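Residue numbering for the sequence shown follows our numbering, beginning at 2 and increasing consecutively.
Below is one structure, written out as structure tokens; comments come after it.
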Amino acid sequence: MHFVGTTVPVAGAIIADQVEVFAASSSGDAMIPQAAVVVGYGDSWVAGDVGTSLERESFLTQLEAELPDATIINEGIPGGDVFDLLANFDTAVVPHSPTHVIVCTGTNDAYSPSSGTFDPTAIEGFTLAMLQLISRITGIGARPIILGVPALAEADGAFAAWEMNARAMKYSRNLYLMLSSAGDPRGGWSNSPTLSQYIIGRPASAVGAVNGKTLGEDAIESSRSTTGAAGHAYFYNPNGTVGMISTSGSATSYLTSSDESLKDFDGLYDPVAAIDIIRADPVRVFTWKVDGTAAVGWGAQTSYSVSTDLAVPGEGLIGDENFRPWGVDQGKRTPYLWAALSWALDQIDKLESRVAALERDNPE
């Protein structure tokens, strides 16, 4: 629902200037069960500001009264926009392991759009960021509850205020249309020239001066405002965070989850088995059929027959509509190389000791 009202100071009443209902359930079932872990995530509408006025109490206060058995967590960011919510998601939301995440944002996006071109650039940017946020929420197994962009303050229909409300309304309507479209909710943008070079929040900087993302025709650019360790991309599945791309100093790290607390170790890997795998899947010389380019490497099917973790099966045959070629992750070979090399180094040390002993016992 999107609601715009005018407060009448003398009467202490509210005039409903504009009400839009996008969707409502007729079942009467509660969206949130009594025993739930709920994170409220958004701007000052979530955070509240009772220090300024008692009327600016967070709506989560009332939710706590309605759901006494639920755990209600306030992670509102005063003054924050949807891009701030994305940037802080891993530290503000993920640690709580919520069952539900209520998102209420857009006010600050309406006051300060991400682009000087509001329609369509800022509108599509807000919607894309919201879709990403929803994906992040579902990626940790939580149910997203999205409140339409709240109405903004206005007095006597002043033009400036109505312009802000018009922006909020457009944000809400576009997000609703994208969420309700068939198939990929972003499919409605497939013909949008704006997205051929779209900036998420702020443009990426070649010198890393800003936290920004740029989706271009020929590249995806990402920059951070720190030379310390900082994430650029995060990957999730039902198990949680499974990988990320981060930068630090002048280097880039491509990380897969390897936290020891997630593993049960069972001794050292047999180096002889590692050597057998290496010998069974030797490096070969080949040329790419598409252009005859020479290269060295492996064939995924052969690698998979040696050890299934060395390759990922494809689908179909060349020429099929659903053809997806087999692939290899060369990093998967590292543990075998490490085990074999460790064994080889031990053998070298032993041989060097034997040679030294022979030379000592048989001087020239």
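Just so it is clear, CB atoms sit at the ideal spot from N, CA and C, and this is done for glycine as well.
Source: prediction; values computed, not measured.
Which listed residue (the options) has its alpha carbon closest to that of residue i
i: V102; options: L64, S259, I146; result: I146
i: R168; options: V284, P121, I33, T294; result: P121
i: F127; options: T139, A275, G149, P283; result: G149
i: P114; options: M165, P326, T139; result: M165
i: Q35; options: G229, T100, R137; result: T100
i: P283; options: G140, H233, T303; result: T303
i: I141; options: K333, G332, K264, G241; result: G241
i: R137; options: L352, V94, D260; result: V94
i: L311; options: R334, K290, W327; result: R334
i: Y305; options: A358, D292, V329, T118; result: V329
i: Y42; options: V51, Y112, T118, R144; result: R144
i: W299; options: T139, R285, G229; result: R285
Euclidean distance between Cα positions of residue i and residue j
i: C105; j: P336; result: 46 Å
i: P272; j: A341; result: 5 Å
i: A296; j: R225; result: 35 Å
i: W46; j: R57; result: 8 Å
i: S54; j: M131; result: 29 Å
i: D85; j: D91; result: 11 Å
i: L87; j: E76; result: 13 Å
i: A37; j: A71; result: 5 Å
i: I349; j: Y237; result: 43 Å
i: T309; j: T118; result: 51 Å
i: Y270; j: L346; result: 16 Å
i: P364; j: A274; result: 39 Å
i: Q63; j: G52; result: 17 Å
i: Q331; j: K264; result: 22 Å
i: R355; j: W344; result: 17 Å
i: V291; j: T228; result: 41 Å
i: L178; j: D260; result: 40 Å
i: V313; j: N89; result: 33 Å
i: F266; j: G293; result: 45 Å
i: G189; j: G320; result: Reliability fails at G189, whose pLDDT of 39 lies under 50, so the model's placement of it is uncertain and no value is given.
i: T139; j: A301; result: 33 Å
i: G1; j: S262; result: The structure shown has nothing for residue 1, since the chain only spans 2 to 365.
Residue i, buried or exposed, once every other Cβ within 10 Å from all chains shown has been counted against 16
i: R361; result: exposed
i: E322; result: exposed
i: M170; result: buried
i: M32; result: exposed
i: K214; result: buried
i: L338; result: exposed
i: A111; result: buried
i: S223; result: buried
i: L359; result: exposed
Spatial neighbours of residue i in its chain, beta-carbon cut-off 8 Å, leaving aside the 5 residues before and after
i: F1; result: Outside the shown range of the chain (2 to 365) lies residue 1, about which nothing can therefore be said.
i: N109; result: D44, G80, G81, D82
i: S116; result: T122, A123, G126, I200
i: P231; result: With the sequence shown as reference, residue 231 is identified as Ala, and Pro is not the correct amino acid for it. Closer than 8 Å at the Cβ level, and outside the excluded window around A231, lie R225, S247, T248, S249.
i: V307; result: I278, A281, D282
Close beta carbons around residue i, own chain, < 6 Å, minus the five adjacent residues each side
i: S254; result: S247
i: N175; result: I124, T128
i: H97; result: V40, I74
i: T257; result: G244
i: A234; result: I246
i: T288; result: A295
i: I135; result: P145
i: A220; result: none
i: L61; result: G41, I73, N75
Beta-carbon contacts of residue i that lie in its chain and below 7 Å, excluding the five residues immediately before and after
i: N192; result: Summary for N192: the model assigns pLDDT 42, below 50, so the residue's position carries little reliability; its value from the coordinates is reported in the next sentence. Around N192: no qualifying Cβ.
i: A48; result: S59, N75, G77, I78, P79
i: K1; result: The chain is shown from 2 up to 365; residue 1 falls before or after that span and cannot be answered.
i: P239; result: G142
i: Q133; result: L87
i: P366; result: In the structure as shown, the chain starts at 2 and stops at 365, and residue 366 therefore has no counterpart that could be examined.
Practice item. Mind the definition here: the region 238-249 touches the region 264-284 only if three or more C-beta pairs lie below 8 Å; say whether that holds. Key: no
| said: Below 8 Å, how does it come out for the region 62-72 and the region 80-90: are there three or more Cβ pairs, yes or no? | reply: no
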